Each structure stands twice: as structure tokens, then as C-alpha cells.
Amino acid sequence: MESVAETPGRIAVGYGLTEGQFDAPAEAAVVDGLSARLGVALPKDYTKFLKEHNGGEGFIGDSYIIFFKAEELVDFNREYEVEKYAPGILLFASNGGGEAYGFDTHDVEMPIVRIPFIFMERQSAETIARDLADLFATLGDLK
């Protein structure tokens with residue numbers, strides 16, 4: 445299944461999984477209330493993505509990814525004590541193994557980082573993408 449994202453200054457980009465599937469859209473009211481519940485303004489491409497696909501899992505190229513549902517983001521980040529161990533990181537996905545993907549909320553551009561679940565600490569976060577479309581492109585290129 446594939447969806448398309450429009451980014452200013454760029455052509456439309458497809459969000460596609462080579463295997464697996466995205467979930468049905470999240471309720472708009474849930475997505476619209478997320479920024480307030482999380483205490484941070486979410487990137488527009490991500491909120492648009494949630495309104496099209498409320499989570500899902502599968503492969504992007506050879507890379508496995510699990511996108512969390514909108515309803516799970518607040519509890520997930522709280523239960524993993526992300527703010528304690530990696531302040532400013534907001535997790536939204538996992539590789540199904542030992543790593544998570546999140547937004548670096550301390551950077552105005554909110555790039556996407558990869559961070560280990562075990563011994564999670566901010567200094568272990570590695571910036572891997574500018575935005576959601578770039579994440580799909582980056583993971584699709586990994587071998």
C-alpha cells in the first residue's frame with residue numbers, strides 16, 4: 445500500500461512498504477490533539493501521515509519498521525521514560541529489534557533520529573533523515 449506526501453519545494457513522495465501494510469487512518473480529532481498531549485508541535489508531514497495511516501508495519505526495502513498508532517504515542521514515550529533518558533526525543537516507530545525512530549524536538553527542523561532502546565541516551569541518537577519522506581528514502585536505500 446502506498447500514500448503520497450506533498451512537501452513544499454518537492455515533488456510528491458510516496459510512502460510505500462515493500463511488504464506489510466499500513467493501518468486505517470487515525471481519527472482526525474486524535475491526531476489534532478496529539479501536539480497538546482505531547483507538549484510539542486508535530487511535523488505536518490507526520491500528522492498528515494497519521495491521518496492516512498494510523499500505524500502499520502512492514503519493510504521499506506530491506507529495513508523493517510513498525511509505526512506506532514497515534515493513540516499509543518503518549519503512553520509509549522512515557523512508559524519507556526524517553527524524556528528521562530533522551531530528553532527532546534519523541535519516539536514514533538521501531539525497527540522491531542533494539543532501535544527506535546524519533547523526532548529530535550530540540551532542533552527546530554525536527555529531524556528523525558535512530559536511537560537504541562537499551563541504554564537509551566540522547567547522545568546515542570543518530571540523525572538519519574530530514575523528514576518522513578527522507579526516512580522512507582533512506583531506509584529504502586539500506587542494504
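Under the working numbering, read the sequence shown as residues 445 to 587, first letter to last. C-beta atoms are modelled at their ideal positions from N, C-alpha and C, and glycine is treated no differently. What you are looking at is a predicted structure, and each value in this text was computed from that prediction instead of being measured.
Tell me which residues share the same chain as L494 and place their Cβ nearer than 7 Å to its Cβ, disregarding the 5 neighbours each side in the sequence.
A470, V475, A514
Under 8 Å by Cβ, that's how I've got I572 and G542 pegged, so tell me the actual separation to the nearest angstrom.
With 8 Å as the limit, I572 and G542 do not qualify as a contact, their Cβ atoms being about 15 Å apart.
Does the Cβ of A569 have 16 or more other Cβ atoms within 10 Å, making it buried, or fewer, making it exposed?
buried
Looking at the secondary structure, which residues open and close the beta strand (DSSP E) in which F547 lies?
543-548
Would you report the Cα separation of A581 and F466, rounded to the nearest angstrom?
17 Å
Straight-line CA distance for G483 to A577?
24 Å
Could you please give me the residues that DSSP links to Q465 through a beta bridge?
E501
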